Amino acid sequence: MSLETKDMNEYYDVVVVGAGNAALCAALSARESGASVLVLERAPESQKGGNSRYTAGAMRFVYDGVEDLRTIMPELSDEEIASADFGTYTRDQFYDDMGLITQYRCDPELTELLVENSLSTLQWMKSKGVRFLPMYGRQAFKVDGKFKFWGGLTVEAWGGGPGLIDNLNKAVAVHDIPVRYESRVIDIVMSEGKTAGVIFKHGGRLANIDCGAVILACGGFEANSEWRTRYLGPGWELAKVRGTRYNTGDGIKIGLDLGAAPHGNWSGCHAVGWDRNAPEFGDLDVGDGFQKHSYPLGLLINANGERFVDEGADFRNYTYARYGREILNQPAQFAWQVFDSKVADLLRDEYRIRQVTRVTADTVDALAAKLEGVDASRFLQTIKAFNEAVQTDIPFNPAVKDGRKTIGLNIDKSNWANPLDSPPYSAFQVTCGITFTFGGLKINGNACVVDQDEFEIPGLFAAGEMVGGLFYFNYPGGTGLTSGAVFGRIAGLSASNYLGKN
1 MSLETKDMNE
11 YYDVVVVGAG
21 NAALCAALSA
31 RESGASVLVL
41 ERAPESQKGG
51 NSRYTAGAMR
61 FVYDGVEDLR
71 TIMPELSDEE
81 IASADFGTYT
91 RDQFYDDMGL
101 ITQYRCDPEL
111 TELLVENSLS
121 TLQWMKSKGV
131 RFLPMYGRQA
141 FKVDGKFKFW
151 GGLTVEAWGG
161 GPGLIDNLNK
171 AVAVHDIPVR
181 YESRVIDIVM
191 SEGKTAGVIF
201 KHGGRLANID
211 CGAVILACGG
221 FEANSEWRTR
231 YLGPGWELAK
241 VRGTRYNTGD
251 GIKIGLDLGA
261 APHGNWSGCH
271 AVGWDRNAPE
281 FGDLDVGDGF
291 QKHSYPLGLL
301 INANGERFVD
311 EGADFRNYTY
321 ARYGREILNQ
331 PAQFAWQVFD
341 SKVADLLRDE
351 YRIRQVTRVT
361 ADTVDALAAK
371 LEGVDASRFL
381 QTIKAFNEAV
391 QTDIPFNPAV
401 KDGRKTIGLN
411 IDKSNWANPL
421 DSPPYSAFQV
431 TCGITFTFGG
441 LKINGNACVV
451 DQDEFEIPGL
461 FAAGEMVGGL
471 FYFNYPGGTG
481 LTSGAVFGRI
491 AGLSASNYLG
501 KN
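Quick note: the sequence shown uses this note's numbering, first residue 1, plus one each step.
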């Protein structure tokens, strides 16, 4: 190496690489199992939390009713329960969603671990000080005076992603786990075939710390434009990054260089509709406010003035993670989401932020003239044909897949189809925002990284977005944070067991 490497003369049982949800859960799990733990994070402290800090904090998990919900939200009052229909989300539903969404390619062992440990992991997180609350504003509509939750997603971390990261950091501090920022891990030291330390860069100098096990939990490669183009395909260098600029695939490269097996959908990713004029990387002051996820209530129009997806194919949390790719594939990589006054009050809060690309008009003709980059005459033809195709005899109900559809269009809308005929009209310009990549390292049921012959790499574990094999083509909303927490917890326990700490 060109830089001098300084031996820190320190030893920790476990070094965790990364400081997001998965990493901090791994650190807490290893610590409670008796290991000494150090967390190394590439970002400065002001940017701590990885992608997790940019999220809304939604977490998908199995629950059989309100009593399960109360185990993670004990403050849920009788009045709140009476005013809401929380429903259930059974194991079978979670398995079905993972299968259907990934076209049954999801790794069976990892999927079983995710589903079966989802509730107990949230209960464990609660015991560490993480707070949860119902997602009234994002996953429920009020129907007949009662909140109706939909899509199998009910709960978010208190304070969203920032609140989740704050509470996990408080727990890490309580358990005397040091976190060192601006410490970019670039290699793992191996001795006699086992992990023996890490080499990292801090302040322009290289340093190494000895350890018995390493847990890689430092995200995918979504912030690496060269890797995006290489693996996702041409054009992906043009996507905006929803979250941290520091997820450039460091941990994945380290693992592959050590012989780890690549796994999962390397040409796939979680990508959504994102404000056209958002910055190139996430903005912590705005968080996930640049996302625009109420498109099932309206229309998506491209530069040709045409619809290009079935906006009502399913609840948004089953389509939003793949529709970003569809937007990127459109001419000039943008689309407009168009709504009328009938649904204005149902739009999510993100449509009301100050930093939004929006136009309004009192007529459809006037709106067409304001849609920058759009063929206005074709747009008007599209709206006319759509309005005539809506089956208005079917009642509109945003809390269920209502079957209110169109008939006879090249792309019919399957649910929540309303004629665009009630002024004022509004439209929001979106492009593709990439959240995380689906390809990564292969792990086994102990979260141990395995090589291409399925042998464990002794002392090397992984968790979070850099684990491949769970998601293909698409993603059930709220599963990312849950999988990070589940496999982070497993990785911490497994690393401690590997070192004989239990």
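Virtual Cβ for every residue (Gly too), placed ideally from N, Cα, C. Since we're looking at a predicted model, the values are computed, not measured.
As DSSP reads the structure, residue 211 sits in a beta bridge with 12.
Residue 432 is bridged by DSSP to 273. Straight across, the Cα-Cα distance linking residue 82 with residue 75 is about 14 Å. Residue 191 is bridged by DSSP to 194. Under the DSSP definition of a beta bridge, residue 327 lacks any partner. Per DSSP, the beta bridge partners of residue 451 are 260. Counted as a single uninterrupted DSSP element, the stretch harbouring residue 146 is not any alpha helix (DSSP H) but the beta strand (DSSP E) occupying residues 146-149.
Straight through space, the alpha carbons of residue 399 and residue 346 are spaced by roughly 11 Å. When DSSP reads this structure, residue 64 sits in no beta bridge, so it has no partner. Just measuring C-alpha positions, the residue of 502, 374, 501, 496 sitting nearest residue 26 is 496. DSSP places residue 456 inside the beta strand (DSSP E), whose first and last residues are 456-462.
By the 16-neighbour rule on beta-carbons within 10 angstroms, residue 70 is exposed. Fully contained in the region 285-370 are the following beta strand (DSSP E) runs of length 3 or more, in chain order: 299-301, 335-339, 358-361. Less than 7 Å separates the beta-carbon of residue 241 from that of residue 223.
For residue 473, the three-state secondary structure derived from DSSP is coil.
Contact fails between the region 308-316 and the region 365-378, because fewer than three Cβ pairs, one in each stretch, are under 8 Å apart. Three or more Cβ pairs closer than 8 Å define a contact, and the region 459-472 meets that threshold against the region 91-106. Separation of the CB atoms of residue 339 and residue 373 is rounded to 19 Å, and the pair is thereby denied contact status at 8 Å. With three or more CB-CB distances shorter than 8 Å, the region 452-464 counts as touching the region 202-213. Straight-line measurement puts the Cα of residue 290 at about 29 Å from the Cα of residue 72. Note on geometry: alpha-carbon atoms of residue 328 and residue 432 lie some 5 Å from one another. The DSSP-derived three-state label of residue 135 is coil.
As the crow flies, the alpha-carbon of residue 309 is around 48 Å from that of residue 37.
Membership of residue 80 in the alpha helix (DSSP H) is indicated by the continuous run 78-82.
Residue 179 has its alpha-carbon roughly 10 Å from the corresponding atom of residue 15. A distance below 7 Å separates the beta carbons of residue 40 and residue 185. The shortest C-alpha to C-alpha distance from residue 422 to any of 436, 208, 341, 405 is the one to 341. Counting along the chain, no alpha helix (DSSP H) covers residue 41, and no H or E run does either. The criterion of a C-beta distance shorter than 7 Å is satisfied by residue 219 and residue 51. A straight-line Cα-Cα distance of about 41 Å links residue 384 and residue 230.
Shown here for residue 349: same chain residues with a beta carbon closer than 7 Å to its own, the five before and five after excluded, namely 137 in chain order. Residue burial annotation: residue 483 is buried, with at least 16 other C-beta atoms found within 10 angstroms of its C-beta.
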